[in-house]
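All you need for the numbering used here is the position in the sequence shown, starting with 1, plus 6.
Quick reminder that beta carbons are idealized off the backbone N, C-alpha and C, glycines included.
In this text the structure is predicted, and so the values were computed from the model without any measurement.
Have a look at the structure below before the remarks.
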Amino acid sequence: MRPLSRRRALQLGGLGIAGIVVGSAGLAWAGTTRYEPVPGEDLAAPSVLTSTAGKLTLTLEAAAGRGTLAGRDATTLRYNGSVPGPTLHLRPGDHLGVDLVNHLDQPTNLHTHGLQVSPQGNSDNPFVMVDPGQTFHYDYLIPDDHPTGTFWYHPHHHGLAADQVYGGLYGAIVVGEPDPPQVSADRVLVISDITLNSAGAVQPATAMQRMTGREGDLVLVNGQSLPRLTAQPGARERWRIVNACVARYLQLRLDGQDLRLLGIDLPFGGQAQQVEEVLLAPGNRADLLVTTHAGISTLQTLPYDRGSGMGMGGGMGSPGAGSGGSALELATLTVSGAPAPAVTALSPRPAIRDLRGADVTTRRTLTLAMGMGMGMMGMSSGGSAFTIDGRGFDPDRIDHTVASGAVEEWTITNTSQMDHPFHLHVWPMQVVSVATTPVQPATWQNVVNVPAGGSTVVRIAFDAHTGRTVYHCHILDHEDNGMMGVIEVV
Ligand code: CU
Ligand code: CU
Ligand code: CU
7 MRPLSRRRAL QLGGLGIAGI VVGSAGLAWA GTTRYEPVPG EDLAAPSVLT STAGKLTLTL
67 EAAAGRGTLA GRDATTLRYN GSVPGPTLHL RPGDHLGVDL VNHLDQPTNL HTHGLQVSPQ
127 GNSDNPFVMV DPGQTFHYDY LIPDDHPTGT FWYHPHHHGL AADQVYGGLY GAIVVGEPDP
187 PQVSADRVLV ISDITLNSAG AVQPATAMQR MTGREGDLVL VNGQSLPRLT AQPGARERWR
247 IVNACVARYL QLRLDGQDLR LLGIDLPFGG QAQQVEEVLL APGNRADLLV TTHAGISTLQ
307 TLPYDRGSGM GMGGGMGSPG AGSGGSALEL ATLTVSGAPA PAVTALSPRP AIRDLRGADV
367 TTRRTLTLAM GMGMGMMGMS SGGSAFTIDG RGFDPDRIDH TVASGAVEEW TITNTSQMDH
427 PFHLHVWPMQ VVSVATTPVQ PATWQNVVNV PAGGSTVVRI AFDAHTGRTV YHCHILDHED
487 NGMMGVIEVV
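Set out below in structure tokens:
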């Protein structure tokens, strides 16, 4: 294990947020409320459940429980006793059955983020509520022409989504392609954040954090603190990275290695794109090929300024919205030894759909806003401080009705001083422009960032499925506070 400097260890613990005192003797904890992670373990993969003969059936038990997190004992929420929950390996055309068992002391449910499956009945229906002690059977039919790639699952109960995801309920879904690029390792890296107290219990979010979007002190990869990966030089690995953080944007770098993106959320067409950095808003996934060079590299997330709502944020007492002031180290990659066996050259991937030349059926504008007059104490007035088109979420109201088969253009405008990552269930969005900058080549995402004071334009083909579902901000605190609307496709 690479020795970790005290400074690095403290950065992992969230240096920059209140709680640390610098004295002549060096650094000391100001209180006893910190959980000190044990960094540097070998990366562990979540357990894998794979479909056979077109079917995967599993039981997913959501419960609070004691177990390992960040190398120590912690009491968190868990799916089947682990953080993250099991990775589900599927193929287009599969049938997925999930018995969700709720052992929590509050209601929950399940969302298959990014899967293009029906939003109705016991499929990806965000209006389902599973009470404590109850079991709900979900049944998902993955279409034969479903895109391949990396997806994820997490709870989606309005008002509780942030607490439950932050508490540890999330897992990856892989939809495999018939002819994947040859790689020496195919890894799932679920990145999450959490704050634990010294007893290893989850620290609840403050009222301020529920407004700005909570960011935990610990940023974990597969539930581990600064895990260690190893590879031979010249190896090609596939890293499927999920941003499962409630509110934290990840600006990822891995200096010293060759990075090629196969997609953000959904696959790109053509050649993989060589990149230096990958920005993942909450909910986004990256499908990344890493071709290794000898040496030790660090996967880090750089500071990303997502704005400070209502002019708040910044000060020591307010973790705010800035994702911290310094880079955080997430994992190390040690590349050494004999060269890896040669791999076949990458072949270009199939061209993907491009709606920029399509006839647009309807144009809509959606406005994301944070209410004026929202003071430090926030949402006490009963009205929602977080709105879309001037209204807070109401599950009994349909905000937009769309004709099945329509191709629509949505201009999503953000009048607030914070970025909001906009997520639409079921139907992916082609990103046309972000803050007036056109996006090339064709890019399909399930979460698109809408910058503070700016607009993002997307096109959506409402194919394949009908029914009622939601769109919302994927800063889950904002979703819980009302920044969500209902769409029905008929
Ligand atoms: Cu999601
Ligand atoms: Cu938001
Ligand atoms: Cu959602």
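CB contact flag (residue i, residue j, <7 Å)
i      : j      : result
Asp483 : Ala213 : no
Gln277 : Pro186 : no
Leu166 : Trp245 : no
Thr419 : Thr373 : yes
Asn128 : Asp100 : no
His117 : Trp158 : no
Gln209 : Thr201 : yes
Ser314 : Ala76  : no
Glu243 : Val296 : yes
Glu221 : Arg259 : no
Pro98  : Ile148 : yes
Residues of its chain near residue i, where Cβ-Cβ distance is below 6 Å and the 5 sequence neighbours each way are ignored
i      : result
Leu430 : Tyr477
Ala544 : Lying before the first or after the last residue shown, residue 544 is absent from the chain, which here runs from 7 to 496.
Asp105 : Thr65, Thr141, His143
Gly488 : Ser390, Phe392, Gly398, Phe399
Ile358 : Gly275, Ala448
Ser53  : Pro92
Neighbour-count burial assignment, residue i, 16 or more Cβ in a 10 Å radius
i      : result
Arg362 : exposed
His163 : buried
Ser57  : buried
Leu21  : Confidence is the limiting factor: at Leu21 the pLDDT is only 32, short of 50, which leaves the residue's position unreliable, though a coordinate-based value still follows. Label assigned to Leu21: buried.
Asp425 : buried
Arg465 : buried
Glu485 : buried
Arg78  : exposed
Val28  : Any reading at Val28 must be qualified, since the residue scores a pLDDT of 33, below 50, and its modelled position is unreliable; the value itself is stated next. The residue in question, Val28, is exposed, as its Cβ has fewer than 16 Cβ neighbours within 10 Å.
Ala250 : buried
Pro45  : buried
Asp402 : exposed
Ser461 : buried
Pro345 : exposed
Arg72  : exposed
Pro444 : exposed
Backbone secondary structure at residue i - three-state DSSP
i      : result
Thr154 : coil
Leu121 : coil
Arg312 : coil
Leu361 : helix
Met489 : coil
Ala70  : strand
Arg216 : helix
Leu334 : strand
Ala375 : strand
His160 : strand
His143 : strand
Cβ neighbours of residue i in the same chain (closer than 7 Å, five flanking residues each side left out)
i      : result
Asn86  : Leu66, Glu67, Pro92
Gly343 : Gln238
Proximal residues to residue i (C-beta, below 8 Å), its chain only, five neighbours per side dropped
i      : result
Asn108 : Ala68, Thr114, Val136, Asp137, Pro138, Gly139, Gln140, Thr141, Phe142
Ala70  : Thr81, Thr82, Leu83, Arg84, His109, Leu110, Asp111, Gly173
Gly388 : Residue placement at Gly388 is flagged as unreliable, the pLDDT there being 46, under the threshold of 50; a coordinate-derived value is accordingly withheld.
Gln263 : Val296, Thr297, Thr298, His299, Ser303, Leu339, Val341
Distance cut-off 6 Å: residue i Cβ against heavy atoms of ligand 5
i      : result
His162 : Because ligand 5 does not appear in the structure shown, any question about it cannot be addressed here, the ligands present being ligand 1, ligand 2 and ligand 3.
Any chance you could list the residues with Cβ under 5 Å from a heavy atom of ligand 1, keeping chain order?
Those residues are His119, Gly289, given in chain order.
Near ligand 2, which residues have their beta-carbon closer than 6 Å to a heavy atom?
His426, Cys479, Ile481, His484, Met489
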